[in-house]
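Colleague: Quick one: the structure is below, questions incoming.
Protein chains: 2
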Amino acid sequence: MDLELLRELSVPNDTKILLLVIDGLGGLPNETGRSELEQANIQRLDRLAQESMCGLTVPVAPGVTPGSGPGHLALFGYDPEKYTVGRGVLEALGIDFDLQPSDVAARGNFCTVDAEGRITDRRAGRIPTEKTVELCDRLRRIGLPGVQVFVEPVREHRFLLVLRGEGLSDKLTETDPQREGVKPLPVRATAPEAETTARLLNDFIAQAADLLKGHEPANMLTLRGLAKHPPMPSIAEICRFRAGAIAAYPMYRGLAKLVGMDVLKTGSTFADEVETLKQRWDDYDFLFIHFKKADAAGEDGDFQAKIAALEEVDGYIDELHNLQADVFMIAGDHSTPAVLAGHSWHPVPFLFHAKKFSRHDSTEGFNEKACARGVLGTFPAKDVLSLAMAHALRLTKYGA
Amino acid sequence: MDLELLRELSVPNDTKILLLVIDGLGGLPNETGRSELEQANIQRLDRLAQESMCGLTVPVAPGVTPGSGPGHLALFGYDPEKYTVGRGVLEALGIDFDLQPSDVAARGNFCTVDAEGRITDRRAGRIPTEKTVELCDRLRRIGLPGVQVFVEPVREHRFLLVLRGEGLSDKLTETDPQREGVKPLPVRATAPEAETTARLLNDFIAQAADLLKGHEPANMLTLRGLAKHPPMPSIAEICRFRAGAIAAYPMYRGLAKLVGMDVLKTGSTFADEVETLKQRWDDYDFLFIHFKKADAAGEDGDFQAKIAALEEVDGYIDELHNLQADVFMIAGDHSTPAVLAGHSWHPVPFLFHAKKFSRHDSTEGFNEKACARGVLGTFPAKDVLSLAMAHALRLTKYGA
Chain V
1 MDLELLRELS
11 VPNDTKILLL
21 VIDGLGGLPN
31 ETGRSELEQA
41 NIQRLDRLAQ
51 ESMCGLTVPV
61 APGVTPGSGP
71 GHLALFGYDP
81 EKYTVGRGVL
91 EALGIDFDLQ
101 PSDVAARGNF
111 CTVDAEGRIT
121 DRRAGRIPTE
131 KTVELCDRLR
141 RIGLPGVQVF
151 VEPVREHRFL
161 LVLRGEGLSD
171 KLTETDPQRE
181 GVKPLPVRAT
191 APEAETTARL
201 LNDFIAQAAD
211 LLKGHEPANM
221 LTLRGLAKHP
231 PMPSIAEICR
241 FRAGAIAAYP
251 MYRGLAKLVG
261 MDVLKTGSTF
271 ADEVETLKQR
281 WDDYDFLFIH
291 FKKADAAGED
301 GDFQAKIAAL
311 EEVDGYIDEL
321 HNLQADVFMI
331 AGDHSTPAVL
341 AGHSWHPVPF
351 LFHAKKFSRH
361 DSTEGFNEKA
371 CARGVLGTFP
381 AKDVLSLAMA
391 HALRLTKYGA
Chain E
1001 MDLELLRELS
1011 VPNDTKILLL
1021 VIDGLGGLPN
1031 ETGRSELEQA
1041 NIQRLDRLAQ
1051 ESMCGLTVPV
1061 APGVTPGSGP
1071 GHLALFGYDP
1081 EKYTVGRGVL
1091 EALGIDFDLQ
1101 PSDVAARGNF
1111 CTVDAEGRIT
1121 DRRAGRIPTE
1131 KTVELCDRLR
1141 RIGLPGVQVF
1151 VEPVREHRFL
1161 LVLRGEGLSD
1171 KLTETDPQRE
1181 GVKPLPVRAT
1191 APEAETTARL
1201 LNDFIAQAAD
1211 LLKGHEPANM
1221 LTLRGLAKHP
1231 PMPSIAEICR
1241 FRAGAIAAYP
1251 MYRGLAKLVG
1261 MDVLKTGSTF
1271 ADEVETLKQR
1281 WDDYDFLFIH
1291 FKKADAAGED
1301 GDFQAKIAAL
1311 EEVDGYIDEL
1321 HNLQADVFMI
1331 AGDHSTPAVL
1341 AGHSWHPVPF
1351 LFHAKKFSRH
1361 DSTEGFNEKA
1371 CARGVLGTFP
1381 AKDVLSLAMA
1391 HALRLTKYGA
């Protein structure tokens, strides 16, 4: 259901919902014919699947490979085609930058240009992060009239640029021409209210070009994904529950904050996250906990490491289950098959364990094939939240 | 498909469609681990399921618990999030009141107020229906300028108020403050065209307050769900068929009338309904017949009574099947699991028996788990009608 209907039907209750997101959960068979989940020794997940309703979630739409933003937003109940988060904003979330609603953020890339200013390498030979730290420090000398300028290194040739001030707009075009042999484009306003912001950014770029002169291979920059913090309704307010997020990685904390969850202080490992979850269990009605390693291993194309990551998270399942949430969900934001070494469009295994009112029917195990035959079938990830709200008796009747 | 496309594609034919709605059909397992349908001896339904395409219908959206209105509208092909029926109108339908398109209807509740006019009991101690009959009679003395006033008892403290006249609007707020200790609210117009209607209703309330003085516990009233007959396209016209409805209970007759079906005179039992169906078989292309008892038993939380109700309707299945409809559908407007003692959000078992062009694949039986594995999968209830129209060869090709 859409968020407006969810808002209309939500009622408070004293039930609890736990959402474990295993990042990049879904996979594909390798030469053995069996996927990471099928090969992993995940007896706790397999056993829980038998007492749960299982299915496959479609993160955005059939065939669409989602980034982390849409993948998570869908699991939080937001239609990822309607609610989008600009790349600049995601970059800010990813380094824990405290973005304000009026800020304009951009993803910056250092690049190489020739004597005529034509781009010869869009990634400046992927300079090491330390070099980017040094160059960002240099760019901080730039002053612009009436706005504050933040330049923050991210990784390799990537950095974050944020302008802070009154009346800024993100109705702007990007400067990366997406190919080499041509000059970077100027920033152009796509609406009259963005003219000033475009001028400020072009001023920034001109000053930066001077400061970067002679710093080959990083003697120029491009700006992409110019965006403001999108107006997102708060899921905590819509669902009338206290929502807490536990994630070691900044981007997931940022996404959770974006949708109105409290971001809980935690350590850097999943064991730390689980400890935080147990400590703060009584303070929240809805808790989201994030497990990163499966995605990282998938992205690396490391089949065995992905198996190991899945076995690692399996080790925590009983501990999570023993918290006795009224609804315990195990989901993925997208698939990251090791054989693809990247995110993919494949529907993602989903396990829905409700203490009561469940129609579970012994799914054989927790993997792609078994979940495809699960009672929940293949369905949009954005319906996960309403299903949880219903089973937690947090929704009232629709219509008389 | 939506109704506009259905209108575009519909063509007449001499085929017949029969829709049996078993109200509150879906259920949940009790302590035995098996649901009402799984425990009931419904051999005729089980056998028919094996020669049919089965699935589960989602009445409104995942997680949404529908009232009877949205549940039936969806099975009649109407998107229940787009076409809504106000509570006042449903109350009128529920007592067979002949509502006109220009009428404004409200659900009235008798309540108790203290000397300062503050509500002390929103339901007036649920006074017996006979008392409400007497009080409604008293309220009929009220005259309002330029409009006719109807006051009809419903049940316990509930009654129906209808204003009939020119230029009435339902853009109005309710007077029930939804809590005790405060005074009823005045009716307020939410659009300029409703100012006159609001004044008339506040005049009615003032006169009623005088007439009810001293009639504790029913010494005041509140008005809710002020609504006009919604503009509904006629399904008979859209599908170019003659549609007849057979239901012993007024609300279901009313809903059928709302969507343009002929409401056939019948008796008070399901046996009467089946008799009417057989008698009027030749007069219609589409026939809807309603079985109420499963829902009533579920609402009472009576697992055994729900089993008995399902076994009762099973006794009629061969008789209905023998009518040889080209398409015979057995559906529910929503689930009413006895363990929840109320409507629920769970998808509803659905059986689709087509004489020809069927891809049935021996569903093991007619119950929640078997239907979850059925060839139709889990799908929106509003698609049921187009599926029937197609199998009855009543839809032409889309596009060249």
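Read top to bottom, the protein sequences are chains V and E.
Position 235, counted from 1, in the first sequence is what our numbering calls 235; the numbers after and before it change by one each time, with no gaps.
Position 129, counted from 1, in the second sequence is what our numbering calls 1129; the numbers after and before it change by one each time, with no gaps.
Glycine included, C-beta positions come from ideal geometry on N, C-alpha and C.
Every value quoted in this text rests on a predicted model; they were computed, and no experiment measured them.
D361 (chain V) touches chain E at which residues, Cβ-Cβ below 8 Å?
Modeller: Here residue 361 (chain V) refers to the residue found at position 361 of the first sequence. Chain E residues near D361 (chain V): K1369, A1372.
Colleague: Can you find a C-beta in chain E that's less than 9 Å from the C-beta of T57 (chain V)?
Modeller: Counting from 1 along the first sequence, the entry for residue 57 (chain V) is found at position 57. No, its Cβ sits nowhere closer than 9 Å to a Cβ of chain E.
Colleague: What does the alpha-carbon distance come out to for the pair E1311 (chain E) and A1040 (chain E)?
Modeller: Translated into positions along the second sequence, residue 1311 (chain E) becomes position 311. Translated into positions along the second sequence, residue 1040 (chain E) becomes position 40. Whole-angstrom Cα-Cα distance: 6 Å.
Colleague: Just list the residues that DSSP pairs E152 (chain V) with in beta bridges.
Modeller: Locating residue 152 (chain V) in the first sequence gives position 152, counting from the first residue. Answer by DSSP bridge pairing, in chain order: V:L160.
Colleague: Please tell me whether E368 (chain V) and L48 (chain V) are closer than 9 Å, where the distance is taken between their beta carbons.
Modeller: Sequence index remark: in the first sequence, residue 368 (chain V) carries index 368 (1-based). Sequence index remark: in the first sequence, residue 48 (chain V) carries index 48 (1-based). No, they are not a contact pair.
Colleague: For chain E, is any of its Cβ atoms less than 9 Å away from the one on F366 (chain V)?
Modeller: For the purposes of this step, residue 366 (chain V) is taken as residue 366 along the first sequence, with counting starting at 1. With 9 Å as the cut-off, F366 (chain V) does not count as an interface residue toward chain E.
Colleague: Compare the C-beta of R1253 (chain E) with all C-beta atoms of chain V and state if any pair is closer than 9 Å.
Modeller: Here residue 1253 (chain E) corresponds to residue number 253 of the second sequence, with the count starting at 1. No, no contact with chain V.
Colleague: Could you tell me which residues DSSP puts in a beta bridge with H353 (chain V)?
Modeller: Translated into the one-based positions of the first sequence, residue 353 (chain V) becomes position 353. Bridge partners of H353 (chain V): V:F328.
Colleague: Would you list the residues sitting across from T1378 (chain E) in a DSSP beta bridge?
Modeller: The sequence position of residue 1378 (chain E) within the second sequence is 378, counting from 1. DSSP output for T1378 (chain E) lists E:L1056 as bridge partner(s).
Colleague: What's the C-alpha gap between S1102 (chain E) and I1095 (chain E)?
Modeller: Here the question's residue 1102 (chain E) lines up with position 102 in the second sequence. Here the question's residue 1095 (chain E) lines up with position 95 in the second sequence. Going by the C-alpha atoms only, they are around 18 Å apart.
Colleague: Within 8 Å, do at least three Cβ pairs link the segment 1-19 of chain V to the segment 324-341 of chain V?
Modeller: The segment 324-341 of chain V vs the segment 1-19 of chain V: in contact.
Colleague: At a Cβ threshold of 9 Å, is L90 (chain V) touching chain E?
Modeller: Counting from 1 along the first sequence, the entry for residue 90 (chain V) is found at position 90. Answer no: the Cβ-Cβ gap between L90 (chain V) and chain E never drops below 9 Å.
Colleague: Quick one: is A1115 (chain E) buried, meaning 16 or more other Cβ sit within 10 Å of its Cβ, or exposed?
Modeller: Numbered from 1 along the second sequence, position 115 holds the residue referred to as residue 1115 (chain E). Counting Cβ neighbours within 10 Å, A1115 (chain E) comes out exposed, since fewer than 16 surround it.
Colleague: Going along chain E in order, which residues have a C-beta closer than 7 Å to the C-beta of L223 (chain V)?
Modeller: By one-based count along the first sequence, residue 223 (chain V) stands at place 223. Correct list: empty, because the minimum Cβ distance to chain E is about 40 Å.
Colleague: Counting only beta-carbon atoms, is G1377 (chain E) nearer than 9 Å to chain V?
Modeller: Residue mapping note: residue 1377 (chain E) aligns to position 377 of the second sequence, counting from 1. Taking Cβ atoms only, chain V reaches closer than 9 Å to G1377 (chain E), which makes this a yes.
Colleague: Tell me F1286 (chain E)'s beta-bridge partners as DSSP assigns them.
Modeller: One-based indexing of the second sequence puts residue 1286 (chain E) at position 286. For F1286 (chain E), which the question treats as bridged, DSSP gives the partners E:I1017, E:A1243.
Colleague: Can the beta-carbon of L99 (chain V) be found less than 9 Å from the beta-carbon of V147 (chain V)?
Modeller: One-based indexing of the first sequence puts residue 99 (chain V) at position 99. One-based indexing of the first sequence puts residue 147 (chain V) at position 147. No, the pair does not count as a contact, with Cβ atoms beyond the cut-off.
Colleague: Within this structure, are the beta carbons of S1362 (chain E) and L1028 (chain E) separated by less than 9 Å?
Modeller: As a working mapping, residue 1362 (chain E) is identified with position 362 in the second sequence. As a working mapping, residue 1028 (chain E) is identified with position 28 in the second sequence. No.
Colleague: Taking a cut of 9 Å between CB atoms, which residues from the segment 379-392 of chain V lie near chain E?
Modeller: Hits within the stretch, in order: F379, P380, D383, V384, L385, S386, L387, A388, M389, A390, H391.
Colleague: How many angstroms separate the CA atom of T378 (chain V) from the CA atom of G125 (chain V)?
Modeller: For the purposes of this step, residue 378 (chain V) is taken as residue 378 along the first sequence, with counting starting at 1. For the purposes of this step, residue 125 (chain V) is taken as residue 125 along the first sequence, with counting starting at 1. Approximately 43 Å between the Cα atoms of the pair.
Colleague: Are three or more beta carbon pairs between the segment 1232-1246 of chain E and the segment 1106-1120 of chain E nearer than 8 Å?
Modeller: No: fewer than three Cβ pairs fall under 8 Å.
Colleague: Is it true that the CB of G1332 (chain E) sits closer than 9 Å to the CB of L1025 (chain E)?
Modeller: Sequence index remark: in the second sequence, residue 1025 (chain E) carries index 25 (1-based). Sequence index remark: in the second sequence, residue 1332 (chain E) carries index 332 (1-based). Yes.
Colleague: For A325 (chain V), return the contacting residues in chain E, with the cut-off set at a CB-CB distance below 7 Å.
Modeller: Locating residue 325 (chain V) in the first sequence gives position 325, counting from the first residue. By Cβ distance, chain E contributes nothing, its closest Cβ being about 17 Å from A325 (chain V), past 7 Å.
Colleague: Check distances from the C-beta atoms of the segment 1330-1342 of chain E to those of chain V and list, in chain order, the residues that come in under 9 Å.
Modeller: For the segment 1330-1342 of chain E, which is checked against every Cβ of chain V, the residues closer than 9 Å are P1337, V1339, L1340, G1342.
Colleague: Taking 6 Å as the limit between beta carbons, can you name the residues of its chain near R7 (chain V), skipping five residues before and five after?
Modeller: Within the first sequence, residue 7 (chain V) is the residue found at index 7, counting from 1. The answer, listed in chain order, is I238.
Colleague: Kindly indicate if chain V contains any beta-carbon less than 9 Å away from that of R1087 (chain E).
Modeller: The residue you call residue 1087 (chain E) lines up with position 87 of the second sequence. Yes, R1087 (chain E) lies at the interface with chain V (some Cβ there is under 9 Å from its Cβ).
Colleague: Find the residues of chain V that neighbour G1063 (chain E), judging by a C-beta separation of less than 9 Å, and give them in chain order.
Modeller: Start at 1 with the first residue of the second sequence, and residue 1063 (chain E) comes out as number 63. Simply M1, L6, L9, D383, L385, S386, L387, A388, M389, A390, H391, L395.
Colleague: Using a beta-carbon distance below 9 Å, is F76 (chain V) in contact with chain E?
Modeller: Taking the first sequence and counting its residues from 1, one reaches residue 76 (chain V) at position 76. No, no contact with chain E.
Colleague: Counting only Cβ pairs nearer than 8 Å, list the residues of chain E close to G315 (chain V).
Modeller: The sequence position of residue 315 (chain V) within the first sequence is 315, counting from 1. Those within 8 Å of G315 (chain V) in chain E number zero; the least Cβ separation is about 29 Å.
Colleague: Going by DSSP, what residue range makes up the alpha helix (DSSP H) through K257 (chain V)?
Modeller: Taking the first sequence and counting its residues from 1, one reaches residue 257 (chain V) at position 257. Start and end: 250-258.
Colleague: Could you give the residue range of the beta strand (DSSP E) that holds M1389 (chain E)?
Modeller: As a position in the second sequence, residue 1389 (chain E) is number 389, starting the count at 1. Per DSSP, M1389 (chain E) belongs to no beta strand (DSSP E); it is in the alpha helix (DSSP H), 1384-1391.
Colleague: Since N219 (chain V) is in the beta strand (DSSP E), which residue starts that stretch and which ends it?
Modeller: Residue numbering aside, residue 219 (chain V) sits at position 219 when the first sequence is read from its first letter. Run containing N219 (chain V): none; DSSP gives neither H nor E here.
Colleague: Taking only beta-carbon atoms, is H1157 (chain E) less than 9 Å away from chain V?
Modeller: Stepping through the second sequence from its first residue, residue 1157 (chain E) is reached at position 157. For H1157 (chain E), the answer is no, since every Cβ of chain V falls outside 9 Å of its Cβ.
Colleague: Using beta carbons (cut-off 9 Å, strictly below), is G1067 (chain E) in contact with chain V?
Modeller: Position 67 of the second sequence holds residue 1067 (chain E). By this cut-off, G1067 (chain E) is an interface position.
Colleague: Work out the CA separation of R1373 (chain E) and A1354 (chain E) for me, nearest whole Å.
Modeller: Counting from 1 along the second sequence, the entry for residue 1354 (chain E) is found at position 354. Counting from 1 along the second sequence, the entry for residue 1373 (chain E) is found at position 373. A1354 (chain E) and R1373 (chain E): Cα-Cα distance of roughly 19 Å.
Colleague: In chain V, what lies closer than 9 Å to L1037 (chain E) by C-beta?
Modeller: If you number the second sequence from 1, residue 1037 (chain E) lands on position 37. Simply none; closest approach about 11 Å.
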